Every structure is written in structure tokens, then in C-alpha cells.
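Since the structure comes first, as C-alpha cells, the remarks are kept for the end.
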Amino acid sequence: MTMLFNKYRDAAVIVILSLLCWGRLIGLEGMWQDDWAWTWHYFGSSSLSEFIEPFKNMGHIIVGYIDYALVMMLDVLSGKAPGMWHTAMFLVHTLNALVLYYIIKLICNNNNTLPALCVAALYLVSPAVNNLYLMVQISYELLVFFYLLSLLLTVIAVKTVRFRAIYYLLSVCFAAISMSGLESFIALEFSRPLLICYLLTEGKKGNLPLRFKNIFLFSAPFLAVAFVLIIKRLSFVPEGGYTGYNELQIFSLEGIVDTLGLLLLSLKHLFIQSWKLGIKRIDNLSVISIFFILAAMGAYAGLFIIRKSRVFIASETDRIEKKNLKLLALYGAAILLLGLLPYNVVGKYPVYGLDSRHATIAKVGYPIFAISLFYLTATWSIRIKKALPLIFGALLFAGLVSSHATIDQARQDWEHQRSIWWQFIWRAPDIKPNTFMIIDMPWSEAPGGGSYVLPPAMNLAYASSRDKTEIFSHYAYELRNAFRTDETNYRAIYDKDVVEFQSYRGLMRFYPKNLIAASYQDGYLYINDEIKEPGYSEWSDVEFMISNAARDRITYEDTRSNFPYRWILGPEPEHDWRYYYQKANALSGRNDYHEVVRLFDEAQKAGYDLSTILPQNLMPFIKAFYMTGDVNKGGHLFDK
Numbered sequence: 037m038t039m040l041f042n043k044y045r046d047a048a049v050i051v052i053l054s055l056l057c058w059g060r061l062i063g064l065e066g067m068w069q070d071d072w073a074w075t076w077h078y079f080g081s082s083s084l085s086e087f088i089e090p091f092k093n094m095g096h097i098i099v100g101y102i103d104y105a106l107v108m109m110l111d112v113l114s115g116k117a118p119g120m121w122h123t124a125m126f127l128v129h130t131l132n133a134l135v136l137y138y139i140i141k142l143i144c145n146n147n148n149t150l151p152a153l154c155v156a157a158l159y160l161v162s163p164a165v166n167n168l169y170l171m172v173q174i175s176y177e178l179l180v181f182f183y184l185l186s187l188l189l190t191v192i193a194v195k196t197v198r199f200r201a202i203y204y205l206l207s208v209c210f211a212a213i214s215m216s217g218l219e220s221f222i223a224l225e226f227s228r229p230l231l232i233c234y235l236l237t238e239g240k241k242g243n244l245p246l247r248f249k250n251i252f253l254f255s256a257p258f259l260a261v262a263f264v265l266i267i268k269r270l271s272f273v274p275e276g277g278y279t280g281y282n283e284l285q286i287f288s289l290e291g292i293v294d295t296l297g298l299l300l301l302s303l304k305h306l307f308i309q310s311w312k313l314g315i316k317r318i319d320n321l322s323v324i325s326i327f328f329i330l331a332a333m334g335a336y337a338g339l340f341i342i343r344k345s346r347v348f349i350a351s352e353t354d355r356i357e358k359k360n361l362k363l364l365a366l367y368g369a370a371i372l373l374l375g376l377l378p379y380n381v382v383g384k385y386p387v388y389g390l391d392s393r394h395a396t397i398a399k400v401g402y403p404i405f406a407i408s409l410f411y412l413t414a415t416w417s418i419r420i421k422k423a424l425p426l427i428f429g430a431l432l433f434a435g436l437v438s439s440h441a442t443i444d445q446a447r448q449d450w451e452h453q454r455s456i457w458w459q460f461i462w463r464a465p466d467i468k469p470n471t472f473m474i475i476d477m478p479w480s481e482a483p484g485g486g487s488y489v490l491p492p493a494m495n496l497a498y499a500s501s502r503d504k505t506e507i508f509s510h511y512a513y514e515l516r517n518a519f520r521t522d523e524t525n526y527r528a529i530y531d532k533d534v535v536e537f538q539s540y541r542g543l544m545r546f547y548p549k550n551l552i553a554a555s556y557q558d559g560y561l562y563i564n565d566e567i568k569e570p571g572y573s574e575w576s577d578v579e580f581m582i583s584n585a586a587r588d589r590i591t592y593e594d595t596r597s598n599f600p601y602r603w604i605l606g607p608e609p610e611h612d613w614r615y616y617y618q619k620a621n622a623l624s625g626r627n628d629y630h631e632v633v634r635l636f637d638e639a640q641k642a643g644y645d646l647s648t649i650l651p652q653n654l655m656p657f658i659k660a661f662y663m664t665g666d667v668n669k670g671g672h673l674f675d676k
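Under this note's numbering, the first residue of the sequence shown carries the number 37, and numbering increases by one thereafter.
See below:
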């Protein structure tokens with residue numbers, strides 16, 4: 037038993053650290069951004085080929101197949117596993133850390149596995165993953181897994197005394213899968229010769245020409261696949277919303293300067309902005325739980341106290357050569373830079389390290405580079421050597437706390453999103469086809485930008501079948517991001533019967549004359565002329581929006597009871613006063629004032645203190661008392 041524990045002790049530490057850092061992911065509900073939109077697209081697609089079409093337009097067809105399988109699984113489960121996305125993300129992320137650990141362990145080739153453990157730990161808590169808006173894109177993490185598996189097989193094939201051809205061929209195959217999935221992995225292959233150089237030169241002297249020949253031969257298949265895919269990628273013309281996206285800028289002096297500038301900006305976001313975001317999220321928490329501190333202490337203990345018989349730097353007989361440390365640091369830096377480079381070369385609309393899928397790739401190189409640099413600097417003086425464990429522990433602590441703050445922010449975002457849609461469902465039993473809703477809300481009440489996830493949620497909540505006319509019939513937008521088809525005069529669009537525009541999921545359309553004006557303020561969703569004060573925008577904009585709102589888009593006499601996809605919004609929130617307020621408005625729409633009074637009595641029995649409720653949120657009940665002839669109770673409530 038002791039031997040088994042010693043053999044898998046490091047793996048256990050990595051899993052425990054991952055649980056401490058990202059274990060709360062498993063309990064999260066809901067989806068965010070692209071996961072929402074692709075789920076919406078899935079329910080509106082009649083076949084796999086139709087679902088894949090937008091991915092073909094982007095050149096990411098393997099990602100499309102992975103996403104299709106994931107959404108199909110979610111469809112089969114019908115919401116019975118709300119944490120499926122986040123559980124899968126946690127498992128894949130932990131698996132990637134374990135594979136990275138074994139890669140570094142084999143590379144270092146000594147009895148001290150601490151370098152590999154430190155790399156895996158830093159990978160797990162890297163600030164590059166502290167963004168759940170794109171983090172739950174499992175498909176990209178799976179591509180990282182294929183890439184890391186390819187690296188592991190390369191190390192096994194090349195490093196042994198006897199070359200292992202099967203491992204080598206599998207390594208090429210897995211590399212081809214990752215390269216076919218996302219163009220950033222093509223660029224990463226130009227770092228593989230550095231890895232092979234490290235493996236072939238470690239501790240060896242002489243016969244330099246033969247060594248270079250072997251490096252070229254071992255690297256050639258990977259580079260050949262990369263060149264073929266580069267040519268294919270450059271000849272590919274994106275369609276739909278990505279038309280003209282990959283216009284190369286690098287073949288001019290101005291283009292090179294711009295690319296380098298964007299690359300530096302991406303590095304800044306990866307190393308500085310991500311930490312700032314983590315700190316900001318920590319500040320937003322009411323209290324930093326003692327659990328965070330215990331988690332950090334546990335991670336520190338797992339990585340250092342459990343190895344109290346060892347020092348941070350190996351002994352003289354067990355030390356990694358400085359030459360190889362430099363090469364390893366160079367390899368990590370190459371992965372980091374090459375992971376960021378492709379989008380800066382071809383992207384007219386660059387997104388930087390923090391919010392982009394290329395941060396998922398760059399984070400592989402970041403810990404390799406950082407830990408190699410740690411080991412190099414530790415040889416400079418005894419003071420630096422003693423300080424490094426404290427610096428590393430501080431990084432782990434910051435990463436752990438930041439990850440919990442990030443998960444908490446994601447949970448708040450989901451609760452916020454769910455609150456909007458359940459309030460709308462309570463308020464609007466059904467809505468007419470081609471309804472267009474625009475929401476005005478302050479920044480403080482629109483975490484994550486809000487607008488990106490509104491259309492799919494609205495359509496799935498009100499769809500009774502997979503008919504495209506239902507799945508894609510409605511549209512919703514948040515006011516500050518609305519009407520981007522006419523930046524200079526968005527109001528002119530109200531003169532049009534229908535507005536069409538291309539997105540990378542195909543043709544989108546909405547009907548301005550079928551407008552519901554909404555406002556989300558203080559946690560309440562207000563509709564049309566209930567909006568008395570602007571939430572975010574200029575009052576003239578809100579007033580203009582209300583004046584153009586249609587009054588007949590909500591169907592109160594709902595005869596349908598089957599909305600099969602509402603489970604995707606998550607479980608119905610606890611019935612607080614928002615529920616009673618929205619339900620009262622819906623019953624008022626049916627002129628069922630006696631039922632509104634009954635609802636008020638139900639709320640009273642639940643123990644609500646009316647003095648804590650804003651006056652405007654009592655209005656439907658006041659109206660109901662007057663309409664049912666209970667003037668005294670209505671007047672008493674009005675005085676409240």
C-alpha cells in the first residue's frame with residue numbers, strides 16, 4: 037500500500053489541488069456565451085451537416101463535431117445533469133495537468149519529480165484559465181489534451197534507448213487532430229524541434245551534425261503536416277459572419293509592427309490583466325472565506341511539506357543541467373508565444389490572451405517557462421533559492437483564491453441570467469412569433485455583457501418544438517449593444533419591417549415593429565410603460581424605445597403547456613416577491629383580479645414584510661384590490 041501511495045503520490049496531489057481550485061465547478065448550473073448559442077443552434081438544426089456548417093465557415097470542423105456530441109448528450113439527458121458541462125470541464129482540465137506532469141517528469145529524467153509537480157500545479161492555477169466565459173468550451177480543452185498526449189508520446193518514443201515507432205506514429209496522429217481542430221496548434225508545431233533537440237542532446241556530447249540530422253528527421257512529419265494545414269488554411273475563405281477575417285498582415289513592415297504590438301498586448305493581458313481581474317473579483321466578494329485560506333495552505337502543504345526531505349533545487353548529483361534548463365525555458369516561451377501569435381497575424385478583430393481561446397493554448401507554455409526560469413534563478417544565490425518556494429506558494433495562493441472568485445462570479449452571472457428569463461416566463465405565459473425584446477440595464481446588473489446570451493435563451497424558453505420557425509423566431513438584445521447594423525443612427529432601423537445580418541451561425545433577423553421594451557433594475561424585470569427611470573442609457577433612448585413598443589406581443593390566454601426546452605434555463609428560482617410581482621402582472625393581463633388578490637394572500641402567508649418592497653412593485657396588487665371592490669385594503673396598501 038505504501039509503495040502504491042509513493043508511486044501515485046504526485047498524481048494524488050495534482051487531483052487534490054485541482055479539487056481545491058476548481059472542484060466547485062461540478063456544482064455549477066447553466067451555460068455561458070458560445071455554449072448557449074451552439075445549444076440553440078443545435079435545436080434549430082435538422083441534421084449533423086447543418087449543425088457543422090458554421091464550423092466549416094470558420095475552419096473549425098473538428099470543434100464542431102465535438103460540440104455536436106456534447107450538446108446531443110445534453111439533449112438526451114434533458115437537463116437531468118445540470119452540471120454536466122462544468123464536470124466535463126473539470127475532468128478534462130485535471131487530466132491535462134496530469135499529462136503535463138508526466139511529460140515534464142520524463143523530460144527531466146531524474147529522481148526529483150518536484151519540477152514536474154510545480155509545472156502541473158502552476159498550470160492548474162494559471163490566471164489564463166480564470167475566465168469562465170470561455171472556459172467551459174470543452175472542445176478546446178480536448179484539443180489541448182490531444183496536443184499534450186502527442187507531446188507525451190513523442191517524449192516516450194524519442195527518449196528511450198530503442199526508438200518506439202508505434203508511439204511516434206500515434207504522436208503524429210494526435211498532433212494532426214489538434215492542428216486540424218484549431219490553427220494555433222499549427223503554430224505550436226514549430227516549437228516541437230526544440231523539444232526533440234532537448235531530448236536528443238540531454239547529457240550528450242559530440243557528433244553535432246548527426247544530432248541535427250536526427251532532430252530534423254524526428255521533426256519532419258510534424259512540420260510536414262503543419263505546412264500542409266497552413267497552405268490549406270491560407271487558401272480557405274471564411275464565409276458568413278467571418279468573411280474577410282483571416283487577412284494576413286505580416287507581409288508588410290506595417291503588418292509586422294502591428295502584429296508585434298498585438299502580441300505584446302496579448303502577453304500583457306495574459307500575465308497582468310488576468311491577475312487584475314482575479315483581484316477585482318476577490319474585492320467583489322463580501323468575505324474571503326476561510327476555505328480559501330485553508331485551500332491555499334493545503335496546496336502549499338501538498339507540494340512542499342509532503343516533500344520535507346527534499347529541497348526546492350535538487351542536489352548536485354541530481355540537478356538538471358543549466359544548459360538543458362535554458363533549452364526547456366526557451367521551449368516553454370516558444371509555446372507561449374506561438375500559442376498567442378496566429379490570431380494576431382490573421383485576426384482583424386483580435387481578442388487578447390484573457391478572453392480568447394488562444395489563452396487556452398498559451399497556458400501550456402506559461403508554467404514550463406516559469407518553472408524553468410525559477411530553477412535557473414535558484415542557482416544564482418542561496419537567498420533566491422530560499423525565496424522561490426515562498427514566491428511559488430504565493431502564486432498558488434493567488435491562483436486558488438482567484439479561481440474561487442471566478443467560479444463565484446460565474447454562479448452570479450448564471451443566477452442573474454436565470455432571474456431575467458424566469459421573470460419573463462412568469463410575466464409572459466407565451467409570446468407571439470417574431471417578438472423582439474430589448475432590455476435596458478445598468479452595467480452593475482449585466483455581468484458578462486448580458487447581450488450575447490439573450491437570443492438563444494429566449495427562443496429555447498418559448499419553443500414547443502424543434503421547428504426552425506420557433507427556434508429562431510424571437511430575438512432579444514441588451515440596449516447598449518443594440519442595433520449594431522447602424523452605428524451612427526440606430527433609431528433609423530425602426531423604419532424597417534425586418535433587419536437581417538450575417539453572424540457566423542448564419543442569417544439573423546429581427547422585427548423592430550414587434551418590440552417589447554424591458555428594463556432590468558434592482559433585480560426586477562419591468563415591461564414597456566412600467567419603465568419610469570433609465571437603468572443605464574440616456575432617458576431619451578429609453579423613452580424612444582418605450583414609444584415604439586408593441587402592446588400586443590404577450591399572449592396571456594396561454595393554452596399551451598408544453599415547452600420542452602425550458603429545463604435548459606435551470607430549475608425555477610425560489611418564489612420571492614419578483615415571482616409574485618410578475619405573476620400578478622400576468623393575471624392582470626387576463627383581467628383575473630380575484631386571482632391576483634389570492635396571490636397576495638399567499639405572499640402574506642409566506643411572511644413578506646411589505647415595508648421592504650419598493651412601492652412600484654406593489655402596483656398590480658393595489659390595482660387588483662380596487663378592481664375587486666376592496667377599496668380599504670387597496671388604499672391601505674397604497675399608503676404603504
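No residue lacks a Cβ here, since even glycine has one placed at the ideal position from N, Cα and C. All values reported here derive from a predicted model rather than from experimental measurement.
### Task
Give every residue of the same chain whose Cβ lies closer than 6 Å to the Cβ of A156, excluding the five residues on either side of it in the sequence, and list them in chain order.
Here residue 156 is taken as the residue at index 120 of the sequence shown, counted from 1. Cβ neighbours of A156 beyond the five flanking positions: I50, A133, L136, Y137.
### Task
Return yes when the Cβ of F258 is within less than 9 Å of the Cβ of V208, no when it is not.
Locating residue 208 in the sequence shown gives position 172, counting from the first residue. Locating residue 258 in the sequence shown gives position 222, counting from the first residue. Note that the C-beta distance between V208 and F258 is below 9 Å.
### Query
If you check the beta carbons only, do A499 and F599 fall under 9 Å apart?
Here residue 499 is taken as the residue at index 463 of the sequence shown, counted from 1. Here residue 599 is taken as the residue at index 563 of the sequence shown, counted from 1. Contact: yes.
### Runs of alpha helix (DSSP H) lying entirely within the region 66–148, each at least 4 residues, in chain order
The alpha helix (DSSP H) runs of length 4 or more contained entirely in the region 66–148 are, from start to end of the chain, 70–79, 84–94, 97–113, 120–144.
### Message
Residues in the same chain with beta-carbon distance under 6 Å from S220, minus the five sequence neighbours each way, listed in chain order, please.
### Response
Locating residue 220 in the sequence shown gives position 184, counting from the first residue. Take S220, set aside five residues on each side of it, and the residues of its chain with a beta-carbon closer than 6 Å to its own are G375, P378, H394, I397, in chain order.
### Message
Going by beta-carbon coordinates alone, are Y530 and N495 separated by less than 9 Å?
### Response
To locate residue 530, count along the sequence shown from 1; it is residue 494. To locate residue 495, count along the sequence shown from 1; it is residue 459. At a Cβ-Cβ threshold of 9 Å, Y530 and N495 do not count as neighbours.
### Query
Do you know offhand how far V180's Cα is from R602's?
Against the sequence shown, residue 180 aligns to sequence position 144. Against the sequence shown, residue 602 aligns to sequence position 566. So the alpha carbons of these two residues sit roughly 33 Å apart.
### Beta-carbon proximity check, M663 vs Y615, cutoff 9 Å
For this step, residue 663 is matched to residue 627 along the sequence shown. For this step, residue 615 is matched to residue 579 along the sequence shown. Contact: no.
### Query
In three-state DSSP terms, what is D645?
As a working mapping, residue 645 is identified with position 609 in the sequence shown. Under the three-state reduction of DSSP output, D645 falls in the coil class, being neither helix nor strand.
#### Entry: Close Cβ partners of I213 (< 6 Å) along its chain, the five nearest in sequence each way excluded
Along the sequence shown, one-based indexing puts residue 213 at 177. If we look at I213 and ignore the five residues flanking it on each side, its Cβ neighbours are F182.
### Message
Need the endpoints of the beta strand (DSSP E) that E514 sits in, please.
### Response
Residue mapping note: residue 514 aligns to position 478 of the sequence shown, counting from 1. From DSSP, the beta strand (DSSP E) with E514 extends over 511–514.
### Query
What's the gap between the Cα of I251 and the Cα of L158?
In the sequence shown, residue 251 corresponds to position 215, counting from 1. In the sequence shown, residue 158 corresponds to position 122, counting from 1. Separation of I251 and L158 (C-alpha to C-alpha, rounded to the nearest whole angstrom) is 29 Å.
### Message
Rounding to the nearest angstrom, what Cα-Cα distance links F657 and A620 in this structure?
### Response
The count along the sequence shown starts at 1 and reaches residue 657 at position 621. The count along the sequence shown starts at 1 and reaches residue 620 at position 584. Our two residues, F657 and A620, have alpha carbons roughly 7 Å apart in a direct line.
#### Entry: Residues near P548 by beta carbon distance below 7 Å, same chain, minus five either side
The count along the sequence shown starts at 1 and reaches residue 548 at position 512. Cβ neighbours of P548 beyond the five flanking positions: F472, I529, Y530, K532, V535.
### Query
Between which two residues does the alpha helix (DSSP H) harbouring L561 extend?
Reading the sequence shown from its first residue, position 525 is the one you call residue 561. Per DSSP, L561 belongs to no alpha helix (DSSP H); it is in the beta strand (DSSP E), 560–563.
### Query
Since S54 and T149 are thought to touch, with beta carbons under 8 Å apart, how far apart are those beta carbons, to the nearest angstrom?
The residue labelled residue 54 in the question sits at position 18 within the sequence shown. The residue labelled residue 149 in the question sits at position 113 within the sequence shown. Your pair S54 and T149 does not check out as a contact, with CB atoms roughly 17 Å apart and the cut at 8 Å.
### Message
Suppose the cutoff is 7 Å on Cβ atoms and the five residues either side in sequence are ignored; what does the same chain contact list for Y203 look like?
### Response
Here residue 203 refers to the residue found at position 167 of the sequence shown. Exclusion of the five residues before and after Y203 leaves L189, I192, A193 as the residues of its chain whose Cβ lies within less than 7 Å of its Cβ.
### Message
Suppose only complete runs of 4+ residues qualify. What are the alpha helix (DSSP H) ranges in the region 567–630, listed by chain order?
### Response
Those alpha helix (DSSP H) runs which fall completely within the region 567–630 and span 4+ residues are 575–583, 613–625.
### Task
Between the Cα of G95 and those of Y78, P491, R45, K268, spot the shortest distance and give me the residue it belongs to.
By one-based count along the sequence shown, residue 95 stands at place 59. Closest option to G95, Cα to Cα, is K268.
### Query
Is DSSP giving L55 helix, strand or coil here?
Here residue 55 refers to the residue found at position 19 of the sequence shown. Secondary structure at L55: helix, using DSSP grouped into helix, strand and coil.
#### Entry: Among Y78, D565, A642, A73, nearest to Y104 - alpha-carbon criterion
The sequence position of residue 104 within the sequence shown is 68, counting from 1. Cα-wise, what sits closest to Y104 is Y78.
#### Entry: Inter-residue CB distance, Y176 and L218 (contact presumed, cutoff 8 Å)
Counted from its first residue, the sequence shown places residue 176 at position 140. Counted from its first residue, the sequence shown places residue 218 at position 182. At roughly 7 Å, the Cβ-Cβ gap stays under 8 Å, so Y176 and L218 are in contact.
### Stretch pair the region 403–410 + the region 360–369: three plus CB contacts closer than 8 Å
Judged by pairs of C-beta atoms under 8 Å, the region 403–410 touches the region 360–369, as three or more such pairs exist.
#### Entry: Coil, strand or helix - A464 by DSSP
Against the sequence shown, residue 464 aligns to sequence position 428. DSSP, reduced to helix, strand and coil, places A464 outside both helices and strands of the structure shown, so it counts as coil.
#### Entry: Run of the beta strand (DSSP E) containing L158, from where it starts to where it stops
Indexing the sequence shown from 1 puts residue 158 at position 122. Following the DSSP letters along the chain, one finds L158 in no beta strand (DSSP E) but inside the alpha helix (DSSP H) bounded by residues 150–161.
### Query
Smallest Cα separation from D476: which of P469, D466, L490, K468?
Here the question's residue 476 lines up with position 440 in the sequence shown. Of the candidates P469, D466, L490, K468, the one whose C-alpha sits nearest the C-alpha of D476 is L490.
### Endpoints, the beta strand (DSSP E) within which Y556 is located
The residue you call residue 556 lines up with position 520 of the sequence shown. Counting along the chain, the beta strand (DSSP E) containing Y556 begins and ends at 551–557.
### Message
Tell me the residue span of the beta strand (DSSP E) that contains I475.
### Response
The count along the sequence shown starts at 1 and reaches residue 475 at position 439. Element bounds for I475: 472–476.
#### Entry: Bridge-paired residues (DSSP) for M544
Stepping through the sequence shown from its first residue, residue 544 is reached at position 508. In the DSSP secondary-structure assignment, M544 is bridged to F537.
### Residue interval of the alpha helix (DSSP H) (run including I192)
Counting from one through the sequence shown, the residue named residue 192 turns up at place 156. Segment 174–195, the alpha helix (DSSP H) holding I192.
### Query
Can the beta-carbon of F460 be found less than 9 Å from the beta-carbon of Q652?
If you number the sequence shown from 1, residue 460 lands on position 424. If you number the sequence shown from 1, residue 652 lands on position 616. No, the Cβ-Cβ distance between F460 and Q652 is not below 9 Å.
### Message
For the alpha helix (DSSP H) containing A214, name the first residue and the last one.
### Response
Numbered from its first residue, the sequence shown carries residue 214 at position 178. Checking the sequence, you will find Ser at residue 214 rather than Ala. Run containing S214: 201–217, per the alpha helix (DSSP H) assignment.
### Query
Over what stretch of residues does the alpha helix (DSSP H) that includes L230 continue unbroken?
For the purposes of this step, residue 230 is taken as residue 194 along the sequence shown, with counting starting at 1. Where L230 is concerned, the enclosing alpha helix (DSSP H) stretches over 228–237.
### For I404 and G691, believed in contact at Cβ under 8 Å, the rounded distance
Any question about residue 691 goes unanswered here, given that the chain covers just 37 to 676.
### Query
Between R589 and the rest of its own chain, which residues show a CB-CB distance below 7 Å, the 5 nearest in sequence each way excluded?
As a first step, residue 589 must be located in the sequence shown, where it is residue number 553. Listed in chain order, the non-local C-beta contacts of R589 below 7 Å within the same chain comprise I467, K468, T471, N550, I552, local neighbours out to five positions each way being set aside.
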